[in-house]
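Quick note, my numbering runs 33 ahead of the 1-based positions in the sequence shown.
Cβ atoms here follow ideal geometry from the backbone N, Cα and C, with glycine treated the same way.
Remember, predicted model here, so these are calculated numbers, not experimental data.
The structure appears right after this line, and notes come after that.
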Amino acid sequence: MNNRCPALFVSLLKEKAEAYGGTVHEVDTASFRASQYDHVTGSYTKCRLSERWKTIGPYPVQRDLYSAYLLKNSDRTKKHADRTRCQEGFEAFMGMHDQTIQEMKERGMSRKGCFGF
Numbered sequence: 034m035n036n037r038c039p040a041l042f043v044s045l046l047k048e049k050a051e052a053y054g055g056t057v058h059e060v061d062t063a064s065f066r067a068s069q070y071d072h073v074t075g076s077y078t079k080c081r082l083s084e085r086w087k088t089i090g091p092y093p094v095q096r097d098l099y100s101a102y103l104l105k106n107s108d109r110t111k112k113h114a115d116r117t118r119c120q121e122g123f124e125a126f127m128g129m130h131d132q133t134i135q136e137m138k139e140r141g142m143s144r145k146g147c148f149g150f
């Protein structure tokens, strides 16, 4: 996120989070590499920016939603995903993932550049 988001956005996000009693956790994007990681195999695979979907285990997964899932399940150092936590919550994530994608398609909420449809 740091390479794409202006500092003002991050600053405003932190202010809003604090105002509502929350916090913003920053990760080391260089070591985390969320868009490249596969928690099933534990491996990293570089993909093109245009590749919006990837296969995790037997599931087709939208890359950005999966990256957010990995970031949510980061380890204490915020440098890597916690593979055990990812495995424990993955089925629930996939249920929400599939429901969200289906609802977007039904409502005609096309985001080809982001979601690939």
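Exposure of D61 is indicated by the presence of fewer than 16 other C-beta atoms within 10 angstroms of its C-beta. When DSSP reads this structure, D71 sits in a beta bridge with S76.
Distances from the alpha-carbon of V94 to those of E121, K49, H130 and P39 put H130 closest. When the five nearest sequence neighbours on each side are left out, the beta carbons in the same chain lying within less than 8 Å of the beta carbon of K112 are those of V60, D61, S64 and F65, in order along the chain.
Ranking T110, Q120, L104 and L82 by CA distance to the CA of I89 puts Q120 first.
For the stretch 71 to 128, the continuous beta strand (DSSP E) assignments of 3+ residues that do not extend past its boundaries occur at 86 to 89 and 92 to 95, in sequence order. If you check the CB distance, S100 and S68 come in under 9 Å. Here M127 is near Y92, since their CB atoms are less than 9 Å apart.
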